[in-house]
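Q: In mature numbering (1 follows the signal peptide of the UniProt record, and there is no 0), the protein residues as written are -17 to -1, 1 to 205.
C-beta atoms are modelled at their ideal positions from N, C-alpha and C, and glycine is treated no differently.
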């Protein structure tokens, strides 16, 4: 069982041992703090401005004190419960196995995924150039999902050349040559093992076709 929070919070430990929760059991008088239940992974204690309450994670969610998919709880597959018990009963409502979760749109390759909230599926897009990976519950490079039929060339709209001019700027980055994205200064294409990957410059930077690098305003002042 996990008793770390009980050692750090002696006043809370007394309250957790009692059948009834007393508002005076919170160690902090202001703000919102959460603490794990010593035995159950789908429940936790929440202190709100000194008021202590026992909270229940929604179906498909568990508590670990990190992140917040919904009401301080996370998707069950991302939580290590240790010895705490978890009550996970699927609802199997259409594509939603649980009331809260992330699921593939279909068995085929897709640049979208389903995000179930309160039992209702919502279609969510991956970042441009990515496809949903049901094994990791995240969007991934299409060339990492060849087994489900992903075609990175079709998704990104670019075919990597087998070779580049040895005197070109792209040759400097070989075996991962870079190329511009027509009409999009904020992104670039990098070829990895012959497959195109769409990368974002980020941080307000733009792709410079002359150097094939992402540059910010400060770089142009030099």
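1. For residue 153, collect the residues of the same chain with a Cβ closer than 8 Å to its Cβ; drop the 5 residues on either side in sequence, then sort them by chain order.
2. Between which two residues does the beta strand (DSSP E) containing residue 100 stretch?
3. Taking the beta strand (DSSP E) that residue 34 falls in, what are its first and last residues?
4. Distance check for residue 71 and residue 86, CA to CA, integer angstroms please.
5. Confirm, please, whether the CB-CB distance from residue 16 to residue 26 is below 8 Å.
6. Have a look at the DSSP bridge pairing and note the partners of residue 172.
7. Can you give, in chain order, each stretch of the alpha helix (DSSP H) that sits fully within the stretch 103 to 166 and has at least 4 residues?
8. Let me check understanding here. Comparing Cα to Cα, which of 18, 33 and 144 lies closest to residue 209?
9. Decide yes or no for the touch test of the stretch 63 to 82 against the stretch 106 to 126: beta carbon pairs closer than 8 Å, at least 3 of them.
10. With DSSP run on the structure shown, which of helix, strand or coil describes residue 73?
11. Work out the CA separation of residue 166 and residue 192 for me, nearest whole Å.
12. Could you spell out the range, first to last residue, of the beta strand (DSSP E) harbouring residue 25?
13. Answer with buried or exposed for residue 114, where buried requires no fewer than 16 other C-beta atoms within 10 angstroms of its C-beta.
14. Can you give the Cα-Cα distance for residue 79 and residue 43, rounded to whole angstroms?
15. What does the Cβ neighbour count give for residue 103, buried or exposed, with the cut at 16 atoms within 10 Å?
16. So the beta strand (DSSP E) residue 15 belongs to, where does it begin and stop?
17. For residue 200 and residue 179, what's the separation of their Cα atoms in angstroms?
18. Quick check: what's the CA-CA separation for residue 35 versus residue 14?
19. I'd like to know whether the C-beta atoms of residue 138 and residue 112 end up nearer to each other than 8 Å.
20. Run through the DSSP bridge pairs and tell me what residue 190 is partnered with.
21. Name the two residues that bound the continuous beta strand (DSSP E) containing residue 87.
22. Identify which residue in 76, 84 and 24 has its Cα closest to the Cα of residue 53.
A: In this structure, then:
1. 147, 160, 161, 162 and 195
2. 95 to 100
3. 34 to 39
4. 17 Å
5. no
6. 162 and 181
7. 135 to 139
8. Outside the shown range of the chain, which is -17 to 205, sits residue 209, and nothing can be said about it.
9. no
10. coil
11. 12 Å
12. Segment: none, residue 25 is in no beta strand (DSSP E) and carries neither H nor E.
13. buried
14. 10 Å
15. exposed
16. 15 to 19
17. 27 Å
18. 12 Å
19. yes
20. 197
21. 84 to 87
22. 84
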